[in-house]
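Okay, so here's the structure we're looking at.
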Amino acid sequence: MQDQTYRRGVSYIVLAGVFLSLGGLFVRFLDTADPWTVLFYRSLTFTVSVSLFMYLRDGCGVVQRFQQIKPLELIVTLSLALGFMSYLLSLFTTSVANTVLILSTGPVFAALLGWIVLRETVNHSTWFAMVLAFAGVAIMVSGGIDSNDRLGVLYAFFAVFAFAVMIVTLRCAPAGKDMMAPTALAGILAAVLSIGFLPTFSISLHDLILSICLGSLQIGLGFILITLGSRTVPSAQVPLLGLAETALSPLWVWIFVSETPARNTLLGGTVVLCAVAFQGISGLRRF
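See below:
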């Protein structure tokens, strides 16, 4: 039973990486919308998507789920909301490849936080996979980061830290504790925080549809799967298994938008995917 539960958790997180990798593609198809306007509508859609999932799963019990949220669980809400904001702002201020490359440093943040907060042991295979993943990242950024991209890179690093805090907090929850409600609230909080920066609520139908796709298909399904999977997968492995996003995001914009990644980006992305595959296989053998 434990083996099946772990396998399911791994599957959820890898699939989450695929959905999350669509963010850069959707953003590149936007026409004129301001990033804060997109963030506002994307965040509201995220809350609606997660709440709908909860309703389909729990029925009328969904209201009780929100009423049972404890103060500590609001850390998930806050960290996820800040992560949403900084991630999207990064996509608007630097290349898709740069954003997801910085996000790939997530395993180190999660492993360190997991060790400090939960005293989780990071085994040798996980460390090896991290080193392999960082080797891929090093290859991808070997051409350097332009000075114009520094703000976007800073946003991306903040997103990494926020998501790592979210993952470790999920692991702190009691066994069997459902964390969908605080996850859903993150969209409301992000929307409220973005209002102060909104130039206008007006948005074209084209950009609104893309914003809805960002909130439902990309982060909606992505974080539903992460929230489910992180209950049975150690903190250090969650962002590592989700690194499919790192390799796939530049690929989507290369294929559909002609944002051509450098040769090193493609080579490094391949190495990152190898790290994901190695971590998943070694984890299955242990469990």
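Throughout, this note's numbering is defined as the position within the sequence shown, counted from one, plus 800.
A virtual CB, placed ideally from N, CA and C, is assigned to each residue, including glycine.
Which two residues bound the contiguous alpha helix (DSSP H) that contains Ser1002? The count along the sequence shown starts at 1 and reaches residue 1002 at position 202. Looking at the DSSP string, Ser1002 is not in any alpha helix (DSSP H), and its letter there is neither H nor E.
Would you be able to state if there are at least three C-beta pairs under 8 Å between the region 880-892 and the region 1034-1046? no
Please work out which residues of its chain come closer than 7 Å, Cβ to Cβ, to Thr877, disregarding the five sequence neighbours upstream and downstream, and give them in chain order. Within the sequence shown, residue 877 is the residue found at index 77, counting from 1. Result list for Thr877: Pro982, Leu985, Ala986 and Leu989, in chain order.
Leaving aside the five residues before and after Ala833 along the sequence, list all residues of the same chain whose C-beta is less than 6 Å from its C-beta, in chain order. For the purposes of this step, residue 833 is taken as residue 33 along the sequence shown, with counting starting at 1. Closer than 6 Å at the Cβ level, and outside the excluded window around Ala833, lie Ile1003 and Asp1007.
Just curious, the alpha helix (DSSP H) that Asn898 is in, first and last residue? What you label residue 898 is simply residue 98 of the sequence shown in a count that begins at 1. Asn898 -> alpha helix (DSSP H) spans Val896 to Leu903.
Given a threshold of 16 other Cβ atoms within 10 Å of its Cβ, counted over all protein chains shown, does Gly1048 qualify as buried or as exposed? Here the question's residue 1048 lines up with position 248 in the sequence shown. In the sequence as displayed, the identity of residue 1048 is Leu instead of Gly. Around the beta carbon of Leu1048, 16 or more other beta carbons lie within 10 angstroms, which makes this residue buried.
Suppose contacts are defined by Cβ-Cβ distances below 8 Å. Is Pro1029 in contact with Ala816 by that definition? Walking along the sequence shown from the start, residue 1029 turns up at place 229. Walking along the sequence shown from the start, residue 816 turns up at place 16. The question names Pro, yet the displayed sequence has Gly at residue 1029. In this structure, Ala816 lies closer than 8 Å to Gly1029 by Cβ.
With distances taken Cα to Cα, identify the nearest neighbour of Val827 among Gln1079, Leu889 and Leu1066. Looking up residue 827 in the sequence shown gives position 27. Distances from the CA of Val827 to each of Gln1079, Leu889 and Leu1066 were compared; the closest alpha carbon is that of Leu889.
How far does the alpha helix (DSSP H) with Val941 in it reach, from first residue to last? Locating residue 941 in the sequence shown gives position 141, where the first residue counts as 1. Looking at the DSSP string, Val941 is not in any alpha helix (DSSP H), and its letter there is neither H nor E.
Does the beta-carbon of Gly914 have 16 or more other beta-carbons within 10 angstroms, so that it is buried, or is it exposed? Your numbering for residue 914 matches position 114 in the sequence shown. Buried, because 16 or more other Cβ atoms sit within 10 Å of the Cβ of Gly914.
6 Å Cβ shell around Met966 - same chain, five flanking residues per side excluded: Position 166 of the sequence shown, counted from the start, is the residue given in the question as residue 966. Excluding positions up to five away in sequence, the list reads Val876, Ser879 and Leu880.
Judging by CA-CA distance, which residue of Arg807, Tyr841, Leu820 and Gly824 is the nearest neighbour of Ser994? By 1-based counting over the sequence shown, the position of residue 994 is 194. Of the candidates Arg807, Tyr841, Leu820 and Gly824, the one whose C-alpha sits nearest the C-alpha of Ser994 is Tyr841.
To the nearest angstrom, report how far apart Glu1045 and Ser925 are at their CA atoms. Counted from its first residue, the sequence shown places residue 1045 at position 245. Counted from its first residue, the sequence shown places residue 925 at position 125. Approximately 21 Å, taken between the alpha carbons.
Can you tell me the Cα-Cα spacing of Gly824 and Gly1022, whole angstroms? Stepping through the sequence shown from its first residue, residue 824 is reached at position 24. Stepping through the sequence shown from its first residue, residue 1022 is reached at position 222. Roughly 14 Å separates the two Cα atoms.
What does the Cβ neighbour count give for Thr905, buried or exposed, with the cut at 16 atoms within 10 Å? Locating residue 905 in the sequence shown gives position 105, where the first residue counts as 1. Looking at its Cβ environment, which holds 16 or more other Cβ atoms inside 10 Å, Thr905 is buried.
Beta-carbon spacing of Leu901, Met930 below 8 Å: As a first step, residue 901 must be located in the sequence shown, where it is residue number 101. As a first step, residue 930 must be located in the sequence shown, where it is residue number 130. No, Cβ-Cβ distance for Leu901 and Met930 is not below 8 Å.
List in chain order: all unbroken beta strand (DSSP E) runs of 3+ residues lying wholly within the region 858-899. none
Alpha carbon to alpha carbon, what distance is there between Ala991 and Arg857? Residue numbering aside, residue 857 sits at position 57 when the sequence shown is read from its first letter. Residue numbering aside, residue 991 sits at position 191 when the sequence shown is read from its first letter. Distance between the alpha carbons of Arg857 and Ala991 is about 25 Å.
DSSP three-state assignment for Asp978, whether helix, strand or coil: Sequence index remark: in the sequence shown, residue 978 carries index 178 (1-based). Here Asp978 sits in coil by DSSP.
Let me know the secondary structure DSSP gives Leu830 once reduced to three states. Position 30 of the sequence shown, counting from 1, holds the residue named residue 830. Correct three-state label for Leu830: coil.
Local conformation of Gly1042 per DSSP, three classes: What you label residue 1042 is simply residue 242 of the sequence shown in a count that begins at 1. It is coil, neither helix nor strand.
Rounded C-beta distance between Ser843 and Gly1015? I'm assuming under 8 Å. Translated into positions along the sequence shown, residue 843 becomes position 43. Translated into positions along the sequence shown, residue 1015 becomes position 215. Confirmed, Cβ separation roughly 7 Å.
Which value, in whole angstroms, describes the spacing of the CA atoms of Leu903 and Ala1077? Here residue 903 refers to the residue found at position 103 of the sequence shown. Here residue 1077 refers to the residue found at position 277 of the sequence shown. Near 18 Å, if we compare the C-alpha coordinates of Ala1077 and Leu903.
Give every residue of the same chain whose Cβ lies closer than 8 Å to the Cβ of Tyr855, excluding the five residues on either side of it in the sequence, and list them in chain order. Here residue 855 refers to the residue found at position 55 of the sequence shown. Result list for Tyr855: Val862, in chain order.
Among Val953, Arg808, Val908 and Trp927, the one whose alpha carbon lies nearest that of Ser895: Residue 895 sits at position 95 when you count from the first residue of the sequence shown. Ser895 has its Cα closest to that of Val953, out of Val953, Arg808, Val908 and Trp927.
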